[in-house]
Structure formats: structure tokens, C-alpha cells
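Enquirer: I'd like to ask you about the structure that follows.
2 protein chains.
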Amino acid sequence: MAITIVDVALKAGVSPSTVSRVISNDSRISQKTSKKVRKIMEELGYHPNMMAKSLVTKTTHNLGIILPRPAEELFRNQFFSEIIRGIVTKAASSGYDVLMTTGINADEEEAAVRRLVQGRVVDGIIMLSSRQDEHIISFLKDRKFPFVLVGRSEHHADIISVDNDNVAAAYDVTKKLLEQGHERIAFMSGPANLTVSKDRFSGYHKALLEAGLPLRNEYICEAGFTAESASQAAMDLMNLNNRPTAIITIDDVVAFGVIRTLWNNGMLVPEQCSVIGFNNTIMSEMCLPPIASVDIGIYQMGMSAAHTLISTVKGEGYGQARIIVPHQLIWRESVSVPGASNVKTSG
Amino acid sequence: MAITIVDVALKAGVSPSTVSRVISNDSRISQKTSKKVRKIMEELGYHPNMMAKSLVTKTTHNLGIILPRPAEELFRNQFFSEIIRGIVTKAASSGYDVLMTTGINADEEEAAVRRLVQGRVVDGIIMLSSRQDEHIISFLKDRKFPFVLVGRSEHHADIISVDNDNVAAAYDVTKKLLEQGHERIAFMSGPANLTVSKDRFSGYHKALLEAGLPLRNEYICEAGFTAESASQAAMDLMNLNNRPTAIITIDDVVAFGVIRTLWNNGMLVPEQCSVIGFNNTIMSEMCLPPIASVDIGIYQMGMSAAHTLISTVKGEGYGQARIIVPHQLIWRESVSVPGASNVKTSG
DNA sequence: CAATTTTATGCAAACCTTTGCACAATGTTT
DNA sequence: AAACATTGTGCAAAGGTTTGCATAAAATTG
């Protein structure tokens, strides 16, 4: 049987309430008593039972994360490991633990959320948005349960979210390419229904408009989040009469897929075509050539999400906020100014 | 105020005990009652308070993970994200959640463990061993608290651990290279004090011995877990009069570092030298050339660790076990048979 | 139909804390 | 020296479950 607060109280010759107050540094406890009680706690190796504590305080000091279902690709994609690292680091330094769960389908996922929320297992939830979590968001909103969304919801405005500005990021990248002299810039998005795809496309489009350049459908294509998914799209682009001189991709992995495909077909990056990735993952600097990328501050987003959620849980304001983490262009050798070698020679 | 079990009981006209028994599918409850109570639970949107439940059952259905302190490199190294993915997936499918915590130094880390263990926050702990966790292991052992170690402890034998057989893995890789005709094989380890470095060196050594080849000190070198750390060591190797024809490295990132260094110095892989990585991370197939690697089943280790821990927690045996996850050589283009081009031409 | 077994339910204690309120023992003011 | 304020501690209720034991009702047996 484990040591409880009454064991300590008994041995110290005080009441359990006093011990409890010593633990919580209640100012009403005298120095003498406090010291005495602490010594006994030490001796007995006492540590409070968190379950009992939570039961009465209705607080657990746990933050919940729902891992997106198709966890595999996402995880491999280093996005999630980075964001989780940010969350756990920040949480730990604020005295919170992080509880992760997942479900193999939408129903299980919702059940998991209900369990965490209604079972009072966590004080707040971080949603790693990547798809249709809209009804889970509604569920949380209805119950006024503290949560923050990493990403952007198209249906819910009045929530707390942490995100990067994908429109601006794509705009910046496109603009910089334009400034370098590129005029035929392709955009290889992720699955078209994702917000991130749409947002980045907007930024890309905006930059073109500003430069007075037309939006060419043949320069817009769709890939997944894998290198393989990029192959066909890359070849289609390179087979155009008016090849792009640069391709902006949705992710470093996709960028890599493009580079590899070109290489396999006898074309060099950046000589034949510049390629830009997104997320500045470890792979972007580990590629030959190193891939220019946009660092969207994933780790920072994790920290920020945890920070905001904790503030909310503690009732320190917020309630509604859209926090934007700044991005940064990381220019590397996969990009060069458009050169003479970049004219289509075959087909 | 949230719905409790007595609200349900009241409305259903039964006692709280009955509701509790309905929830736990107690066989003594009649069909009729069960159906009636379930309907009310549904209507009221009732979900049991896990804290109260845990308090009495002394069980939380949470598994704890202590993230190693210098979390950054490790995380980036994809090792931890893979293992966590395995753990969370398995845990979720067995009805467990995963609670992650960390500390910024050894003391905090120990405090975190105490909190989880003595605070009854988790039912068991998975230790991601990478350093001196020996005293934490002792702590857990002393209290007979269920835990499994991912990796190997040099000081504690009678515990449950999940690991791959690094000796065998390095042996297999070395042997395969020998079979392909390589005789001058270098070994680039991680930090020498790590068990993984020692074990893999043993396997390498064993294979050489068996083949009747001498162990040459100039072929043994040490790197970290970064590409940069490989540079100097790689050049030292290539500047030898008797250059190795193959280099076995401790990790894919290091392998990449070697490849890049060679490339920067006008040498090609595998023409000038074969390079083998470890861990079969995403990067190994994303490199040009793709890096041959040893898949040590990280995801599988995570699954296995969770599975074993859950069995232990449920009291289903174990108590002591060393579970070995099989490894697999993944041969890719960074390896070839030693060729004529592989003779030192300068210096 | 009485006696006995089986089945279904309820009572109340236990799990370990926290905390509002009461109270005793000091210290301070007039 | 009486009245009052302050300080430090304890009592007991509350938080929401589970579960051993008792019991009522129903089913079975002789």
C-alpha cells in the first residue's frame, strides 16, 4: 500500500489538511510546521496521488494530442515529429504532460476525443488538423472545451489556431523567383482539397498577378506527400513546349521526387529547372543538390500551440486568436537564375 | 456540472452500482436493465470520469514515455518519431493512451518519473534508452513498477527490454560485404561510449575474424549522429594508402555525410567506395545514390515495446525478457563490388 | 407448497485529495 | 483588561467511481 497524505499527517502529528496546505505552499502554514511536514514527506518518500488530486481539482495538467489517422506518411514526413517535439518541450517546461491518442477511423477518433474530454483525462486538446476534423471541432466548441488547432479551419472562425501564413509564404517564394528572372514558374500542390494546397496556390497566384503574368493551367499540378507522387507530374511539366524554369512544390519530399525524376531522365537541377521545397526538413539540406525550402517554423508552431493552450486552460485570456508563426526562405543550390540550358530540346 | 453515474442511475430508476455494472458488462445484470440503462446513458451523453475510476481501480490505461533529454538530434534523426509511432499505434489498438514527458536535465527527468510512477499517472513506462538512465531503471526496479527498456542496459540484466541485435546486424552487413569481395572494410561508429557503437563494432570484428582478416586500427573511426561529424573521418579514411573499399556507418545521416564529403572531393559512391548506413530512414532511399542500409525495425520495436508493457501491466507473464526485433539488410546503389577504380591514385 | 438455489439489484465503504468553515491560540489595540 | 484582529490548524464534506456483502425476487427442487 502506498504512502498517503494521512500517513504523513499521522507521523507529523498534524491533520491531512495541513499536509495538503504545506504541499500547495499555503501562506497560512507556519514555517515551523511546514519544515516539519516536509521532512516527514521526504522520509516517507511521499508523492501525492494525482488521480485523487485531479478528482477534486478537476484539473489534470495533461494536454491531449489527437494524432491524425493516416499517421504513417505524416510521421515520416517529419512534420509531426517536429511539432510534437515543440509541444512536449513547451508543455514540460510549464508543468504539463502530453497525452497522445489516435483512432484507426473517424469514429474511433471521435470516441477518443470524447474519452479525453468527457472522461476529464486532459485539460485541453491540440488538434493537428490535416483533414475533416470539423465535427470534432464543433464538439469541442459546443462544450467550450479548451483547444487549439494547428492549421486553419475553413468552417470555424471563432477558435484559437496556430498556423503559418501559407498564402504569404507561397507569395514570397514566387516573388523571389520572379525577381531572379524566372517567369515560367510551376506550382505542384498537395491534394487539392487540403487547405494548405489552396492557400499556397493563392499566394502563388497573387504574386503572378502582381507581376502581370498569366496563370497557366499547364503549370499547375497536383501531387501527394511522397516522392513517387511527383514523378508523373514532373515529367508532364518537363514535356511541355514551354517548360517551366522553376517548380514550387508542396513539400521537400515532393521536391526530392521531382529532382530524382529529372535526374533519371537526364536532366539536372538547377541547370534544367530550379526546384523549391517546403518545410525545410532535414532532407532538404541532405540532398544533392541541397533543396531550397521554406521554413515554416514547425517546431515553433508546436511551442506556440502548447503555450496558447496552457494559457487558455489557466483562464488567462485568449478565447479566440489566430497566431501566425513567421516563415523564412532558405535558399539553397536547387535554385539558380534561369539559364540558356533551360530551353526544351526534345519532343 | 457534468453528468455523473448517479444522474444516469436516477433517471433509469436503478442504483449507481447497477449502472457501473452495466458499463463493465457484468454478467449478473439482466438484459432488460442493461438495455434500459444504456439508452439513458446515450440520451444523457454520459461518459465516466476517468479520474474517479482510476482512483478506485488503481489503473489509468496510460503508458508513459520519458523522452530523452537532448531530444532534438534524436527526434530529427527519425528514430524517435518512428518508435513513438509504433508505440502509440499499438497502445491505441489495445485501449491505452500514451503520455509523454521530459525533463531538461537528469534531476528533472527523475522528478518526472517519480511523478508518473508515484503519482499513479501511468500504469507502466517505456524507457527510451540512450544514455545513463541506470538510476532511473533502478528506481523502477526497486518499486517493481512495470517498465520496458528500448535498447540494452549494460548494468541491469533482469529486466524487460526490446532491442535489435546490433552485433548480428553489423556482422551480417560485414559478412555480406566480404562475400561481395570487399576486404578493406572500414567501420565508422557513433560516440564510442554508446552501447550501440560497441555492439556493432563487435559484430564487425567477429565477421572479420571469421574471414581471417586482420582488424586494422586505421579503418576504425568515430563520428556523431550528424552528417558534419562524418567529414573529417571520411577524408582520413580516403587518404590512407590502403583506402577502404567500403565504409559501414552508424546511421544513414552519417552515411550521407560520407557520400557528400566524397562527392565534394571528386569521389563517387559507390565507384570509389561503397557506403552503408543504418536504420533505413526515409533519407536512405531519398539520396542520390540511394543508400544501402540496415533496417532494424524501429517501428516494430515500438509496437513490441508497447505490446510487452501492456502484457506486463495486465499481469500476463513476462517479468523478464529480452525481445529481439529482426533486422534486414536493404541493399541499394551506394554499394557495389570493389572495382578497379578503387585504387588510390594520389598522395 | 415449503425449502433451497439462483439471479438481479442495492447499500455503503473505500480510493486520496482539497477546501470552506469553524475554532483555538496568539498578538494588538483602546 | 477587555475587545478585537490575526494567525495557524482541524473537521468534515465533496469529488465520481467500484465492489464486497447483504438482500429481495424469481426459479428450482423435493
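Residue numbers (the UniProt record's numbering), protein chains in the order written: chain E, 1 to 347; chain Y, 1 to 347.
Ideal placement from N, C-alpha and C gives every residue a C-beta, glycine not left out.
Can you give the Cα-Cα distance for Gly347/E and Thr308/E, rounded to whole angstroms?
Expert: Per-residue confidence for Gly347/E stands at a pLDDT of 34, beneath the threshold of 50, marking its modelled position as unreliable; no derived number is given.
Enquirer: Take residue 353/Y as the anchor and find which of Ile104/Y, Phe201/Y and Glu210/Y has the nearest alpha-carbon.
Expert: Only positions 1 to 347 of chain Y appear in this structure, which leaves residue 353/Y out of reach.
Enquirer: Give the secondary structure of residue 348/Y by DSSP, where H, G and I count as helix, E and B as strand, and everything else as coil.
Expert: Outside the shown range of chain Y, which is 1 to 347, sits residue 348/Y, and nothing can be said about it.
Enquirer: Would you say Arg332/Y faces chain E, with C-beta separation under 8 Å as the test?
Expert: No, its Cβ sits nowhere closer than 8 Å to a Cβ of chain E.
Enquirer: Taking the C-alpha atoms as reference points, what is the distance between Ala71/E and Glu110/Y?
Expert: With a pLDDT of 48 at Ala71/E, under the threshold of 50, the modelled position of this residue cannot be trusted; read the value that follows with caution. Using only the alpha carbons, I get a separation of about 30 Å.
Enquirer: Helix, strand or coil: how does DSSP classify Val14/E here?
Expert: Of the three classes helix, strand and coil, the one that applies to Val14/E here is coil, per DSSP.
Enquirer: Determine, using beta carbons only, whether Asn62/Y and Tyr96/Y come nearer to each other than 8 Å.
Expert: The answer is yes: Cβ separation under 8 Å.
Enquirer: For Leu44/Y, which residues in the same chain have their Cβ closer than 8 Å to its Cβ, ignoring the five residues on either side in sequence?
Expert: If we look at Leu44/Y and ignore the five residues flanking it on each side, its Cβ neighbours are Ile3, Asp7, Val8 and Lys11.
Enquirer: Given Val37/E, which residues of its chain have a CB within under 6 Å of its CB, disregarding the five upstream and five downstream residues?
Expert: Ala12, Val19 and Val22.
Enquirer: Measure the alpha-carbon distance for Met100/E versus Phe147/E and round it to whole angstroms.
Expert: One C-alpha to the other measures close to 14 Å.
Enquirer: Find the residues of chain E that neighbour Arg28/Y, judging by a C-beta separation of less than 9 Å, and give them in chain order.
Expert: Residues of chain E passing the Cβ test: none, with the nearest at roughly 25 Å.
Enquirer: Could you check what DSSP says for Gln232/E in three-state terms: helix, strand or coil?
Expert: The answer is helix: DSSP assigns Gln232/E an H, G or I state.
Enquirer: What residues are listed by DSSP as bridge partners for Cys221/Y?
Expert: Met188/Y.
Enquirer: Suppose contacts are defined by Cβ-Cβ distances below 8 Å. Is Ala292/Y in contact with Val254/Y by that definition?
Expert: It is not a contact, given that the beta carbons lie outside the stated cut-off.
Enquirer: Identify every residue that forms a DSSP beta bridge with Ile247/Y.
Expert: For Ile247/Y, which the question treats as bridged, DSSP gives the partners Ala186/Y and Val275/Y.
Enquirer: Could you run through the segment 303-315 of chain E and flag, in chain order, every residue whose CB is less than 7 Å away from some CB of chain Y?
Expert: Listed in sequence order: no entries.
Enquirer: Taking the C-alpha atoms as reference points, what is the distance between Thr57/E and Phe187/Y?
Expert: So the two alpha carbons sit approximately 56 Å from each other.
Enquirer: For chain E, is any of its Cβ atoms less than 8 Å away from the one on Ala71/Y?
Expert: Reliability of the predicted coordinates at Ala71/Y is poor, the pLDDT of 49 falling under 50, and the value obtained from them is presented with this limitation in mind. By this cut-off, Ala71/Y is an interface position.
Enquirer: Could you spell out the range, first to last residue, of the beta strand (DSSP E) harbouring Ala169/E?
Expert: Ala169/E -> not in any beta strand (DSSP E); alpha helix (DSSP H) instead, spanning Asn166 to Glu179.
Enquirer: Helix, strand or coil: which one does DSSP assign to Arg28/Y?
Expert: Here Arg28/Y sits in coil by DSSP.
Enquirer: Relative to the C-alpha of Asn217/E, which candidate in Arg184/E, Thr281/E, Met41/E and Gly266/E has its C-alpha closest?
Expert: Nearest option by C-alpha distance: Arg184/E.
Enquirer: Return the residue from the list Ser304/E, Asn239/E and Val162/E that minimises the CA-CA distance to Asn265/E.
Expert: If we check each option's Cα against that of Asn265/E, Asn239/E comes out closest.
Enquirer: If we ignore side chains and look at the alpha-carbon of each, how far apart do Ser81/E and Ala112/E end up?
Expert: Going from the Cα of Ser81/E to the Cα of Ala112/E covers about 21 Å.
Enquirer: Determine the chain E residues that contact Pro48/Y at a beta-carbon separation under 7 Å, and present them in chain order.
Expert: Within chain E, the residues near Pro48/Y are Gly119.
Enquirer: Buried or exposed, going by whether 16 or more other CB atoms sit within 10 Å of the CB of Gly315/E?
Expert: Exposed, by the Cβ-count rule.
Enquirer: Just to confirm before moving on: does the CB-CB distance between Thr60/Y and Val88/E stay below 8 Å?
Expert: No, Cβ-Cβ distance for Thr60/Y and Val88/E is not below 8 Å.
Enquirer: Grab me the residues of Ala91/E's own chain with a C-beta within less than 8 Å of its C-beta, minus the 5 sequence neighbours each way, in chain order.
Expert: Same-chain partners within the cutoff: Leu63, Asp97, Val98, Ala306 and Ile310.
Enquirer: For my contact list, Arg85/Y and Gly302/Y are in at a C-beta cut-off of 8 Å; report their separation, rounded to the angstrom.
Expert: The pair is a contact, with the Cβ atoms about 6 Å apart (cut-off 8 Å).
Enquirer: Is the Cβ-Cβ distance between Leu208/Y and Cys221/Y less than 8 Å?
Expert: No. Outside cutoff.
Enquirer: Taking the Cβ atom as the reference point for each residue, do Ile160/E and Thr312/E lie within a distance shorter than 8 Å?
Expert: For Ile160/E and Thr312/E, yes; Cβs fall inside 8 Å.
Enquirer: Within 8 Å of any Cβ in chain Y, is that where the Cβ of Val258/E sits?
Expert: Answer no: the Cβ-Cβ gap between Val258/E and chain Y never drops below 8 Å.
Enquirer: Does any C-beta atom of chain Y lie closer than 8 Å to the C-beta of Gln300/E?
Expert: So no, Gln300/E is outside the interface.
Enquirer: Nearest CA to the CA of Gln78/Y: which residue from Pro289/E, Met283/E and Asn242/E?
Expert: Of the listed residues, the one whose Cα sits closest to Gln78/Y is Met283/E.
Enquirer: Which residues does DSSP list as the beta-bridge partners of Ala292/Y?
Expert: DSSP lists Ile276/Y as partners of Ala292/Y.
Enquirer: Give me the subset of the UniProt domain "HTH lacI-type" (3-57) of chain Y whose CB atoms are less than 7 Å from a CB atom of chain E, sorted by chain position.
Expert: Listed by position, the residues of the UniProt domain "HTH lacI-type" (3-57) of chain Y near chain E (Cβ gap below 7 Å) are His47, Pro48, Asn49, Met50, Met51, Ala52, Ser54 and Leu55.
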